[in-house]
Amino acid sequence: MARTKVVVDPITRIEGHLRIEVQAENGMIADAWASSTQFRGIEIIMNGRDPRDAWAFTQRICGVCTVVHAIASCRAVEDALDITIPPNATIIRNLVHGMQTVQDHVIHFYHLHALDWVDVVSALKADPDRAGQIARSLSPWPNNSGTYFKAVQEKLQKFVSSGQLGIFTNGYWGHPAYKLPPEVNLIAVAHYLEALDWQRDVIRLHTIFGGKNPHPNFLVGGMASAINLDDTGTINAERLSDIKALIDKALVFVEQVYWPDLLAIAGFYKDWASIGGGVPNYLAVGMFPAAGSDFRDIEHLYFPRGIILDNDLTKVVPYDEQKVREEVMHSWYEYQGAPAEGLHPYEGQTVPNYTGPKPPWTFIQDQEKYTWMKAPRYDGKPMEVGPLARMLVAYASGHEGVKALVGEALGKLQVGPAALFSTLGRTAARAIETVLVARKMEDWYDDLVGRIKNGDVATFNDQKWDPSTWPATARGYGYLDAARGALGHWVEIQNGQISRYQCVVPSTWNCSPRDAEGQKGPYEASLVDNHPLVKPDQPIEILRTIHSFDPCMACGVHVLDAEGDLVTTVKVQG
Amino acid sequence: MYFPLTDPWEPGATLGEHLHSRGVSRRDFLQFCGEMGAILGLSSLLTPKLAKALEQLQRPSVIWLSLQECTGCTESALRTSHPTIGDLVLNLISLDYQENLQAAAGSAAESALQQAMKDHHGEYVLIVTGSVPLAEGGIYTTIGGRTARDILEEAAAGAAAVLAVGACAHFGSVQAAAPNPTRAVGVDQIVKDKPVVNIAGCPPIADTITATVVHYLTFGRLPDLDYDHRPLFAYGARIHDQCSRRANFDAGQFVKAFDDEAARKAWCLYEVGCKGPATFSPCPIFQWNGETSWPIGAGHPCLGCTERMFWDTMTPFYQRMPKVSGFGIESTADTIGAALAVGATAGVAAHAVVTGVNRMRHRKEGASGSGGGGPDGGSASHEEDRHGQD
Amino acid sequence: MNAGPGGGGAEAASRETRDRAALGERPRPAVHGYRWVYLWHWPIRAMHWLAFGSIVVLALTGFYIGRPYFMTGTGNATSYAMGWMRFLHFAAAGVFVATGIVRLYWLFAGNKFERLPALFPLRGRDLGNLWRMVKKYLMIRPERAPHYLGHNPLQQLSYTLVYLVGAFMVVTGFALYGLSNPEGFFYDAFGWVRELLGGAQGVRFWHHVMTWFFVIFFPIHVYLAIRADVTELDGSLSSIVSGGKFVREDLEFEDE
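This is the structure in structure tokens:
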């Protein structure tokens, strides 16, 4: 039987612009291509700038994971200039990054991912009282009443019968792949709406410390939000109690809404625990330095660093950044005089070489080069990054909290650990991580208050603020595990200016194209791993698996070399 | 007879459908419209228009294009508190295309877009986030195989109003910073035949975005704009003139370094590079995220993100003055100026010494030659002048 | 124009008498071998010193506004240091603008040393003289330097540059001043300046940088004035106070 070429472009409910092409055969996906269709060239723009400004530029790589590039950038510069930030600043950054992770994961689950599993229209057929009963059996959340669900259903009814479905237009409603009973659909829709309000509120933690969200402000050497209990314009008891309330609010929602919903919905989609695994290698660089220690102290990270190879959870392989290479065989770039296994980021080149068809085009899968993503490989192997990678590395490293929650999830769903290597596993790992981070924020908050109580209010180290204190040349590496996976920034400073800036980011790993040996990237590999596609014109299955990665395309597409080659090679047309 | 209480207007039905279901004929309806027009003092020629407007009393269609960008502006819109995003999407507008939120993907999404553009041609509000890369024929951002420019031009053609939301749509933002590798430009560089409202900021405050939409829906016209086409209700005053730390500025009380005593008193951030004096934005008044705080309120200087090309004109962010190109970051205008002033003084002093030496030499020559120069002391130039007249 | 010592002197003397009478000044005593020429009417002299004073105030307060070099207060905002600095800056700017207006008027009402053509070395001979003046200050054949009663071509150029920079400071200053009231006159009237210089930051930068022009100009100007006075012994230093100077009767002047 002939294969059907299927194009999904745009992939919606993600950050940025992603195109997926597959070949379908007998209801299954036989081959897949992931193509990133946006390029911005931010690292070129970094050249010659003040390194203390770099966080603001790189932060604008992505407005969804809005703090991770800023923190990675600050750390890269702090590493280069040998700056140690005060413990309070580490805690504040953890709180900001923690709330980002929690809020981002919840938004991902309800607003970006849920519509792949939840049939909004089916919720109209639900019995609200029955929905209330089910919800109450899952959690003590105060809104779990029949009256509440009835009100939501009426709101939905009014919306649907207006005939103007807005963002729900042309959804795949009624598709046989939707398995939830109407009542669970109604619960999910109610929580979709509640999460919209919740995310707006909890993110105010960023506003308190960073002045705004998206794109809160950071500072090389610490944080700008001074602590003074006796001033109206600083972090004082009023601000602290607001922060505490927000952390509490985040945790309650995660424990009483997100986690129960995840488990309930997953229970209806257990078949997805054997679909969409793909690349069997997982990489985490680690996340959340312990307060009082430094991000360079990789022994004391809350989520540890390491690599899982070939789905083997008995062993964590240490990560060595020297083994990272990037290839461009199938990317719209060219290397000059580079070895076949690609280049380490420090030697990276970026010469865009667009060879694709002239827009508008139809298919791109016949092209040798088909994306703006490079193909990063670790020791020659493709790697998946993200919450699943982090939870697997933590699980295999013996992380108590992770083991307990993974155990709870596997037990409730009655599946074995192998179920983790799947589309469903990816989605579940994100929820596990969210619960743990939300809980951990309480600890960080207590730590911050304890330090203030003991008279430590420092938030900034100004010893190396003045460029006259800097060495003539310096080089630094800043990393963290962002919501979507392992992130690294490399900076080179010469005479007080950035001379080279590089980022290796989560979605480059995950959305990587094939490499010279033909190994597919994680998106591509997951789509051909026991992957169904029942109706090629309603590719809901593709969305499920791709969304389980939480793509962030703007992050993935970047330039590894800030030497300015690009400027001379781009042909400017009118 | 029509009783509103017993014959409720079904939610979602247009007025036309509602009246039809109540047994009101098209003829009666047009007659009603004519009478209404007469009451409002409208020409009878406008009756069909009025009828159409009343019949189609629906949630207005909004199409949101995401082009070359970081999605921060969509995230910001999600944070709006009045109206909330749920209220906006479910009750106030019909958000017919929004890639980050919509259920459909691929061709289903594209057909939703095409349908909305067709059904509401000339009536929909077009919101654009992201810039348009022009280099190499636009291949740096494509959606569904089409370039950002192509998509924008098509969508703008049928739009009643175009809102360029965020710094990217305003002027290209960070990707348009020097050297602008992809030749990114803002919406108003592409859409020239109709007014483009720039809702500036990186990102703009959520409520500024939604308030502009609400303004259009409520008052039936776009808000008044400033010289850069930003709504005056939000961008009509300078941060510096609305700042909660202005009193410290006037008092001469400045933060000299982050986390110093002055910072812990929330003094003015002017000296650590605050761009409030050059930036028009509602941050101090509207504040961010449900009026929680704002950048200066949280101790960080303003970056000036509502101003065109701020990545180049407002950097370095931690210095008040822009960088002098061609010199290192430390070589600010003042050090160069001071060096030149010292140089000028030194040059003048050296010149004076040489002049003095020359004069002494001439005087000696004069003393041995003509025997004195009278009351004027025989100045060197005097001697020179005599030579000059020889 | 370039009359000999005899006739020209008489003509100058009669004009001098007329000017003095017009301005109610006392006649000057004669010194052997020298004659006194009247050059600068009092509005020019007043303008010079008012401009000098206002530039000193503008530069000092301007540098404070640019980088507040002293701090006040330890508690809450009780002083008004920056407020006063800005007040003084704006007040001095008012004086400076007034001097500019006077100068503009006097470009048309003044004598030939003060009028518009005296600002530009446009005559054919001026260019050669300009070069000879430059050489004089480089101490290359200083004896060949031409003699002027008013401003020599090099002075014309440099003072015209001062006027232009002064005008630039006025224009950029008003552009910055206008920012505080976007509905006001100055905001609209000087919007083109912001457009031209790349936004408010560009205006601020150039307004700040050009202050250094005056700081650099000051020592050179004072030195050359003293130098001329000392080397020529003609009282040119006091001419900006008294309005005139002594010149040797035996010299020819390019602008007589």
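Protein chains in written order, with the numbering used here: chain A, -6 to 567; chain B, 27 to 416; chain C, 35 to 290.
Even glycine gets a Cβ: it sits at the ideal position worked out from N, Cα and C.
Query	Result
What residue ranges within the region 203 to 260 of chain A form continuous alpha helix (DSSP H) runs of no fewer than 4 residues, ordered along the chain?	230 to 246
Compute the Euclidean distance between the alpha carbons of residue 435 of chain A and residue 475 of chain A, then round it to the nearest angstrom.	20 Å
Going along chain C, which residues have a C-beta under 8 Å from residue 334 of chain B?	233
If you scan the region 301 to 359 of chain B from start to end, which runs of the alpha helix (DSSP H) of 4 or more residues do you find wholly inside it?	309 to 312 and 336 to 339
Considering only their Cβ atoms, is the gap separating residue 212 of chain A from residue 161 of chain A smaller than 9 Å?	no
Have a look at A:43, A:34 and A:38 and flag the residue whose alpha-carbon is nearest the alpha-carbon of residue 358 of chain B.	A:43
Work out the CA separation of residue 24 of chain A and residue 516 of chain A for me, nearest whole Å.	11 Å
Go through the region 321 to 395 of chain A residue by residue and report every complete run of the beta strand (DSSP E) that reaches 3 residues or more, in order.	368 to 371
Could you name the residues of the region 296 to 313 of chain B whose beta carbon sits closer than 9 Å to any beta carbon of chain C, in the order they occur along the chain?	296, 297, 301, 303, 304, 305 and 306
Taking the alpha-carbon positions, what's the residue 328 of chain B to residue 283 of chain B distance?	15 Å
If we ignore side chains and look at the alpha-carbon of each, how far apart do residue 418 of chain B and residue 349 of chain B end up?	Absent from the model: residue 418 of chain B. The displayed extent of chain B is 27 to 416, so no value can be given.
To which residues of the same chain is residue 179 of chain C closer than 7 Å at the C-beta, ignoring the five residues directly before and after it?	166, 167 and 170
Report the three-state DSSP secondary structure of residue 286 of chain B (helix, strand or coil).	coil
Let me confirm a value: residue 118 of chain A is counted as buried when at least 16 other C-beta atoms fall within 10 Å, else exposed. Which label applies?	exposed
Between which two residues does the beta strand (DSSP E) harbouring residue 117 of chain B extend?	Here residue 117 of chain B belongs to no beta strand (DSSP E), and DSSP marks it neither H nor E.
Pairs of beta-carbons, one from the region 239 to 252 of chain C and one from the region 192 to 209 of chain C, closer than 8 Å: are there three or more?	yes
Give me the chain C residues within the contact set of residue 348 of chain B, using Cβ-Cβ distance strictly less than 9 Å, ordered along the chain.	232, 235, 236, 238 and 239
Out of C:276, C:188 and C:245, state which residue places its alpha-carbon closest to the alpha-carbon of residue 91 of chain C.	C:245
Measuring only between beta-carbons, confirm whether residue 153 of chain B sits less than 9 Å from chain A.	no
So, at 6 Å on beta carbons, what are the nonlocal neighbours of residue 449 of chain A in its own chain, with the 5 sequence-adjacent residues on each side left out?	none
Under the DSSP definition of a beta bridge, which residues are partnered with residue 279 of chain C?	C:71
Under the three-state reduction of DSSP, which class applies to residue 42 of chain C: helix, strand or coil?	Unreliable placement is indicated for residue 42 of chain C, whose pLDDT of 43 sits below 50; no coordinate value is reported for it.
What does the Cβ neighbour count give for residue 316 of chain A, buried or exposed, with the cut at 16 atoms within 10 Å?	exposed
Counting only beta-carbon atoms, is residue 242 of chain B nearer than 9 Å to chain A?	no
In whole angstroms, give me the CA-to-CA distance for residue 223 of chain A and residue 68 of chain A.	31 Å
Under 8 Å between beta-carbons, which chain A residues line up against residue 329 of chain B? List them in chain order, please.	49 and 210
Classify residue 174 of chain C: buried if its beta carbon has 16 or more other beta carbons within 10 angstroms, exposed otherwise.	exposed
Among the residues of its own chain, which have a CB less than 7 Å from the CB of residue 635 of chain A, if the five just before and after it don't count?	This structure gives no information on residue 635 of chain A, because the portion of chain A shown stretches from -6 to 567.
At what residues does the beta strand (DSSP E) containing residue 12 of chain A begin and finish?	11 to 18
Taking 9 Å as the cut-off, decide whether the C-beta atoms of residue 300 of chain B and residue 228 of chain B are in contact.	no
Answer yes or no: does any C-beta atom of chain A fall closer than 9 Å to that of residue 211 of chain B?	no
Within 9 Å (strictly less), CB to CB, does residue 288 of chain C reach chain B?	no
CA-CA distance, residue 354 of chain A and residue 508 of chain A?	24 Å
Using a Cβ distance threshold of 8 Å, determine whether the region -6 to 6 of chain A contacts the region 330 to 347 of chain A, with at least three qualifying pairs required.	no
Around the Cβ of residue 363 of chain A, are there at least 16 other Cβ atoms within 10 angstroms (buried) or fewer (exposed)?	buried
Within 10 angstroms of its Cβ, does residue 285 of chain B collect 16 or more other Cβ (buried), or is it exposed?	buried
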